[in-house]
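**Q** Let me give you the structure first, and then I'll get to my questions.
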């Protein structure tokens, strides 16, 4: 009888142990599920980090491209600045050239005006000289007229004397012939 009780107790102990093992199995399976879930969570997180890395790299590439574009634009602006400065220098030189040309024209104008004044003075001098010559001509003509009149007077006087001499001759001839006049 005692042996039966012992077997019963052993059966209970084994069943208790079996329950314990079953509980342990459940606990281990639950832990395994937890670890599996954790693994899934970590893999999902890893995928997220990978995607974030890809996004950041893409963004970095975009920034790099933008930097290149800005540098290219900066180079373009620098070249444009150089071109404008060169153009400005050209305009400045052209301005200087035009001003120099203007000064030359001004000087030429002054020279021509001075020459014109000289010609005007010469013209005045020649006209004055001409007037002097005209007056001299008038004076000489008047003098000539005076001489002509004088000549005419002398001629008339000469004719008078001739007539008078003729009369005297006639008188002498008459006396020679003893004629009474």
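In my numbering, the protein residues as written are 1 to 181. Yeah, the Cβ is synthetic: ideal placement off N, Cα and C, and Gly gets one too.
How many Å lie between residue 40 and residue 17 at the Cα?
**A** 34 Å
**Q** In whole angstroms, what is the alpha-carbon distance linking residue 103 and residue 74?
**A** 43 Å
**Q** Whole angstroms is fine: what's the gap from residue 240's alpha carbon to residue 113's?
**A** This structure leaves residue 240 out entirely; the chain is present only between 1 and 181.
**Q** Can you grab the Cα-Cα spacing for the pair residue 158 / residue 120, in whole Å?
**A** So the two alpha carbons sit approximately 56 Å from each other.
**Q** Return the CA-CA distance between residue 122 and residue 153, expressed in angstroms with no decimal places.
**A** Near 46 Å, if we compare the C-alpha coordinates of residue 153 and residue 122.
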